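Undergrad: This is the structure, below, for whatever I ask next.
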Amino acid sequence: MNKVSEYNQYLNYKNNKLFLENISLLHVATKFYTPLYCYSISQMEDNYRILKNSFKKIKPLICYALKANFNKEIIKTFSALGLGVDVVSSGELKKSLSNGFDKNKIVFSGVGKTTQEIEIAIKKKIKQINVESIEELEEINFLCKKLRRKINICLRVNPNIDAGTHEKISTGRSEDKFGIPDENIQGIFEKYKENKLINIIGLSIHIGSQIETLEPFKRAFKRIKGIILNLRAIGFKVSCLDLGGGVGIKYNEKNKIINIKSYAKLIEEIFSNLGLEIILEPGRYLVGSSGIIVSRVIRVKEGIDKNFTIIDAGMDNLIRPALYGAIHKIIPVKISKIKKDKPSDIVGPICETSDIFINKLKNHSFKKDDLVAILSTGAYSSCMASRYNLREKANEIFIKKEKINISNK
Ligand code: LLP
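Residues in the sequence shown are numbered from 7 upward in steps of one, following the working numbering.
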């Protein structure tokens with residue numbers, strides 16, 4: 007239990023009570039309803055600094071993938087630190103602009119940008135659009151002519167590489183809907199060579215999410231380097247390379263994580279002598295570890311060969327276990343003596359069998375009204391929440407040192 011700081015540096019037990027930064031989570035649960043999303047701002051800031059300082063030879067533009075968590079408090083934190091942002095809808099684009107992100111650091115990604123969304127991006131003069139198909143580029147060209155505006159474009163390459171991550175968050179194989187097959191890239195450069203409105207500045211990739219080893223990155227980076235060198239050899243200017251996101255984080259004792267310094271080193275080894283502007287789009291890495299969900303045990307129901315510890319957080323607050331079979335570590339907010347009992351499933355209250363967080367947890371002490379913390383829920387948790395079963399949306403609080411700020415927008 008002492009190793010909770012491996013999940014979040016600002017999470018620790020003092021006298022058997024769990025604290026996030028300088029705030030007791032027992033105290034927080036008396037002030038706010040549970041389930042409650044709690045975030046450590048310091049952890050988010052640290053994650054960014056660690057990533058940024060891991061680069062020695064190049065200075066990538068770090069564009070936070072807003073889809074990981076679009077709470078205003080997070081946008082304000084990262085825009086104040088000078089990050090850029092990767093958006094995938096006009097909602098994300100507008101929210102980024104109204105909360106401090108510089109339009110010159112906004113990248114618009116996504117496989118299904120609508121006509122209206124493309125128009126907004128062009129009019130707002132953002133840094134670039136990452137294009138996912140020839141058809142999308144044709145539409146952008148049409149809209150640029152109509153609006154008499156120019157736009158910078160990176161072509162998203164589908165390198166046909168398996169990121170070795172969960173089937174549902176793998177994006178770089180040819181059967182996935184994302185990106186343009188590499189054999190079509192050169193043809194698009196040729197077609198748009200003389201175009202005055204469409205400025206193809208480079209390439210982008212994103213092979214998947216929660217990637218746990220460097221190997222797939224290495225393969226994809228090498229593949230894209232080859233494409234860049236070929237394009238340059240036949241006279242095309244390639245000045246920008248967006249390497250996407252995908253770095254995984256610690257969710258439980260079993261999953262592996264990448265050493266961020268080796269990730270940076272790999273990027274520098276492969277690309278630093280090419281004189282490219284490098285963009286990164288981390289989402290989970292920046293915010294995932296910063297968040298936890300504090301939840302209360304509703305009751306423990308006795309079963310035949312196991313019990314069911316029913317907590318007040320459910321798949322409406324955190325859908326990752328139901329959707330991807332993800333296992334988020336769950337720990338007590340107050341440590342008490344472990345009782346000898348049957349193992350217990352930790353489940354939510356939603357009327358679905360998939361509303362389960364942990365299967366047959368052994369050696370625990372949970373009973374009615376105890377508080378638990380579900381770890382590593384800063385990314386893809388509140389932003390994927392629903393009102394299923396017509397439950398209230400849970401509050402989100404942001405902690406820095408001894409300050410608490412509630413922000414549900
Ligand atoms: N760039 C692009 C183009 C993306 O599609 C994504 C994530 C990212 C960057 C950020 O990836 P990250 O660094 O966070 O891995 N809901 C899933 C994850 C879906 C990721 C979608 N795209 C989950 O809970 O695991």
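All C-beta atoms, glycine included, are put in the ideal place defined by N, C-alpha and C.
Predicted model only: the values in this text are computed from it and were never measured.
Leaving aside the five residues before and after Glu-12 along the sequence, list all residues of the same chain whose C-beta is less than 7 Å from its C-beta, in chain order.
TA: Here residue 12 corresponds to residue number 6 of the sequence shown, with the count starting at 1. Once the five neighbours on either side are set aside, the close Cβ partners of Glu-12 are Lys-256.
Undergrad: Kindly indicate the opening and closing residues of the beta strand (DSSP E) around Phe-404.
TA: Sequence index remark: in the sequence shown, residue 404 carries index 398 (1-based). Run containing Phe-404: 401-406, per the beta strand (DSSP E) assignment.
Undergrad: Less than 8 Å between the CB atoms is what I'm expecting for Asn-22 and Ile-341, so what's the real figure, rounded?
TA: Residue mapping note: residue 22 aligns to position 16 of the sequence shown, counting from 1. Residue mapping note: residue 341 aligns to position 335 of the sequence shown, counting from 1. Right, their Cβ atoms sit about 4 Å apart.
Undergrad: According to the Cβ coordinates, are Ser-68 and Pro-327 closer than 8 Å?
TA: In the sequence shown, residue 68 corresponds to position 62, counting from 1. In the sequence shown, residue 327 corresponds to position 321, counting from 1. Here residue 68 turns out to be Ile, not Ser, going by the sequence shown. Not a contact, by the Cβ cut-off of 8 Å.
Undergrad: Which residues does DSSP list as the beta-bridge partners of Ile-298?
TA: Indexing the sequence shown from 1 puts residue 298 at position 292. Ile-298 is bridged to Cys-44.
Undergrad: Kindly list the residues whose CB is nearer than 6 Å to the CB of Asn-389, restricted to its own chain and excluding five residues on each side of it in sequence; keep chain order.
TA: Locating residue 389 in the sequence shown gives position 383, where the first residue counts as 1. The question names Asn, yet the displayed sequence has Cys at residue 389. Hits under 6 Å: Asn-75, Phe-76.
Undergrad: If you compare alpha carbons, which of Lys-156, His-334, Ile-285, Ala-226 is closest to Ser-382?
TA: As a first step, residue 382 must be located in the sequence shown, where it is residue number 376. Nearest option by C-alpha distance: His-334.
Undergrad: As a quick exercise: from Ala-385, Leu-396, Pro-187, Asn-158, pick the residue whose alpha carbon is nearest that of Tyr-45.
TA: Locating residue 45 in the sequence shown gives position 39, where the first residue counts as 1. Checking every option, the nearest Cα to that of Tyr-45 belongs to Ala-385.
Undergrad: Around ligand 2, which residues pass a check of Cβ closer than 5 Å to any of its heavy atoms?
TA: Of the ligands this structure carries, namely ligand 1, none is ligand 2.
Undergrad: Going by the DSSP bridge assignment, what does Ala-71 pair with across the sheet?
TA: Counting from one through the sequence shown, the residue named residue 71 turns up at place 65. The partner list for Ala-71 (beta bridge, DSSP) reads Asp-92.
Undergrad: With a threshold of 16 other CB atoms inside 10 Å of the CB of Thr-121, please say whether the residue is buried or exposed.
TA: Mapped onto the sequence shown, residue 121 falls at position 115. Exposed: under 16 other Cβ atoms inside 10 Å.
Undergrad: From Tyr-70 to Ile-47, what does the alpha carbon distance come to, in whole angstroms?
TA: Position 64 of the sequence shown, counted from the start, is the residue given in the question as residue 70. Position 41 of the sequence shown, counted from the start, is the residue given in the question as residue 47. Looking at the two C-alpha atoms, the distance is approximately 15 Å.
Undergrad: Using a Cβ-Cβ cutoff of less than 7 Å, which residues in the same chain neighbour Ser-268 once the five nearest sequence positions on both sides are dropped?
TA: Numbered from its first residue, the sequence shown carries residue 268 at position 262. Hits under 7 Å: Leu-220.
Undergrad: Could you round the C-beta distance between Ser-295 and Gln-49 to whole angstroms and report it? I think they count as a contact, below 8 Å.
TA: Indexing the sequence shown from 1 puts residue 295 at position 289. Indexing the sequence shown from 1 puts residue 49 at position 43. Indeed, because the Cβ distance is near 6 Å, the residues count as touching under 8 Å.
Undergrad: Which residue marks the beginning of the alpha helix (DSSP H) containing Phe-25, and which one marks its end?
TA: Stepping through the sequence shown from its first residue, residue 25 is reached at position 19. Counting along the chain, Phe-25 falls outside any alpha helix (DSSP H), though it belongs to the beta strand (DSSP E) covering 23-26.
Undergrad: My parser needs the alpha helix (DSSP H) runs of 4 or more residues fully inside the segment 322-374; what are they?
TA: Counting only runs of 4 or more, we get 326-330.
Undergrad: Which residues in the same chain as Lys-312 place their Cβ atom closer than 7 Å to its Cβ, once the five residues preceding and following it in sequence are excluded?
TA: For this step, residue 312 is matched to residue 306 along the sequence shown. Cβ within range, chain order: Lys-348, Pro-349, Ser-350, Asp-351, Lys-366.
Undergrad: With distances taken from CA atoms, which of Asp-188, Gly-241, Gly-214, Glu-138 is nearest Ile-233?
TA: The count along the sequence shown starts at 1 and reaches residue 233 at position 227. Ile-233 has its Cα closest to that of Asp-188, out of Asp-188, Gly-241, Gly-214, Glu-138.
Undergrad: Less than 8 Å between the beta carbons of Val-10 and Ile-337, yes or no?
TA: The count along the sequence shown starts at 1 and reaches residue 10 at position 4. The count along the sequence shown starts at 1 and reaches residue 337 at position 331. Yes, Cβ-Cβ distance for Val-10 and Ile-337 is below 8 Å.
Undergrad: Just verifying my parser: in three-state terms, what is the DSSP assignment at Gly-214?
TA: The residue labelled residue 214 in the question sits at position 208 within the sequence shown. Here Gly-214 sits in strand by DSSP.
Undergrad: Exposed or buried, what is Gly-423 when buried is set at 16 or more other beta-carbons lying within 10 Å of its beta-carbon?
TA: With the chain covering 7 to 415 only, the question about residue 423 has no answer from this structure.
Undergrad: Between the alpha carbons of Lys-130 and Leu-161, how many angstroms are there, rounded?
TA: Position 124 of the sequence shown, counted from the start, is the residue given in the question as residue 130. Position 155 of the sequence shown, counted from the start, is the residue given in the question as residue 161. If I take the Cα positions, the gap works out to 20 Å.
Undergrad: Which residues bound the beta strand (DSSP E) around Lys-4?
TA: Within the shown structure, residues of the chain are numbered from 7 to 415, placing residue 4 beyond reach of any answer.
Undergrad: Does Ile-264 come out as helix, strand or coil in the three-state DSSP assignment?
TA: Residue 264 sits at position 258 when you count from the first residue of the sequence shown. DSSP places Ile-264 in coil when its eight states are reduced to three.
Undergrad: Which value, in whole angstroms, describes the spacing of the CA atoms of Leu-17 and Phe-404?
TA: Indexing the sequence shown from 1 puts residue 17 at position 11. Indexing the sequence shown from 1 puts residue 404 at position 398. If you take the alpha carbons of Leu-17 and Phe-404, they lie about 13 Å apart.
Undergrad: Using 8 Å for Cβ pairs, my map puts Ala-319 next to Gly-297. What's the rounded Cβ distance?
TA: As a working mapping, residue 319 is identified with position 313 in the sequence shown. As a working mapping, residue 297 is identified with position 291 in the sequence shown. Contact doesn't hold; Cβ gap of about 12 Å is too wide.
Undergrad: Would you report the Cα separation of Leu-153 and Arg-290, rounded to the nearest angstrom?
TA: For the purposes of this step, residue 153 is taken as the residue at position 147 of the sequence shown. For the purposes of this step, residue 290 is taken as the residue at position 284 of the sequence shown. Distance between the alpha carbons of Leu-153 and Arg-290 is about 36 Å.
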